[in-house]
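In this note's numbering, the protein residues as written are 3 to 142.
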């Protein structure tokens, strides 16, 4: 921001070197513009300092939030492995023909009610409809 102050100082020096009279109409206008430019430079410096303070504050909040998240959402590598082991089977809705992805374990359960997310109709999961050997072929 020092370059702004340097430019304003240069303009002031230029105005003095040109013998611009502050009492004339042109002189009042020119000196008013130079003073306004100096006010803008002051404002920009102040905004820059405020922005730096806010950046430090946000960084501090981010670090604090990371610590809170770590405490609240603490999970083991074992939990992550369990999530990765979920296999899905692609089943076509008989009503709208949308592909519905179902946890493979649900196919072998008796009281499972699968609803198509598109048409909200019931999708039958009959174990006999799927050849156990073919499950690998329809998995995503």
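By construction, the Cβ of each residue, glycine as well, lies at the ideal position given by its N, Cα and C atoms.
- The continuous beta strand (DSSP E) containing residue 90 extends over residues 90-94.
- A residue is called buried once 16 or more other Cβ atoms fall within 10 Å of its Cβ, and residue 43 is buried on that count.
- Using a 10 angstroms sphere on the CB of residue 49, the tally of other CB atoms stays under 16, which defines it as exposed.
- For residue 124, DSSP records a beta bridge to 117.
- Within the segment 8-89, the complete alpha helix (DSSP H) segments of 4 residues or longer fall at 27-74, 79-86, listed in chain order.
- Minimum Cα-Cα distance from residue 5 among the listed residues 31, 39, 22, 34 corresponds to 39.
- Fewer than three beta-carbon pairs drawn from the segment 18-30 and the segment 62-72 are found closer than 8 Å, and the two stretches are therefore not classed as touching.
- When DSSP states are grouped into helix, strand and coil, residue 107 belongs to the helix group.
- Beta bridge pairing from DSSP links residue 101 with 94.
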